[in-house]
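For the sequence shown, the working numbering begins at 215 and goes up steadily by one.
A short write-up of the structure that comes next.
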Amino acid sequence: MKALLVIDMQENYLGKKAKSHYDAEGLIQNINRRIAECQENKELIIYIVNRFFYQRKAFRPQLAEGLTAASELLFEKQHADCFSNPDLVRFLEENSVDEVEVVGIDGQFCVGMSALGAVKHGLTAFYNSDCVGIKNKAGFQKMKDRLEKAKVVFI
């Protein structure tokens, strides 16, 4: 089974008050299009949100405004690699997921590290470049080299 991992597409990263500057509108449109395709193909759609250890337990990251919420599958992470969350790993194993497609922000960090984490867990990882925001394109080259070396599939 294949799962789409929508990583860090949060209001505090992409909203009007966000300090990071991505093409939020274009990225959300591309990801929403991909979510719709996954729904048609009956693939799992899983949202991953980042909540740093120092943020209060009451803090609940919100999905970015305009992003399609196609499932209630939501997992938190506190590290760049979403596979650091054992609940996510367990869920994927219990649902016989053998392929994941990673989308979201940032390609140089959390999305890239999660693709590498997927490979470490024996999964085939697909990196959908049209659905990944990258703030530092020059800095991304090192991550891209790591992803290619790990046999992550770029689509």
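Every residue gets a Cβ at the ideal spot worked out from N, C-alpha and C, and that includes glycine.
Just so it is clear, the structure is predicted and the values come from calculations on it, not from any experiment.
The beta-carbon separation of Ser343 and Phe368, rounded to 6 Å, stays under the 8 Å limit for a contact. Per DSSP, Glu315 is one residue of the beta strand (DSSP E) stretching across Glu313 to Ile319.
Nearest neighbour of Ile348 by Cα position, chosen from Gly331, Gly326, Thr282 and Asp301, turns out to be Gly326. Between Asn246 and Leu277, the CB-CB gap reaches or exceeds 8 Å. Residue environment: Arg248 is assigned as buried (16 or more neighbouring CB atoms within 10 Å of its CB, all protein chains considered). Annotation for Phe289: no alpha helix (DSSP H) segment contains it, though the beta strand (DSSP E) segment containing it runs Leu288 to Lys291. In the DSSP secondary-structure assignment, Gly347 is bridged to Ile319. Around the C-beta of Glu315, 16 or more other C-beta atoms lie within 10 Å, and the residue is accordingly described as buried. Contact between Cys324 and Asn264 is confirmed by a C-beta separation of about 7 Å, below the 8 Å threshold. If you draw a straight line from the Cα of Val333 to the Cα of Ala217, it comes to about 14 Å. Around the beta-carbon of Glu254, fewer than 16 other beta-carbon atoms lie within 10 Å, marking it exposed. Taking a contact as a CB-CB distance under 8 Å, the pair Asn350 and Met215 does not count as one, their CB atoms being some 34 Å apart.
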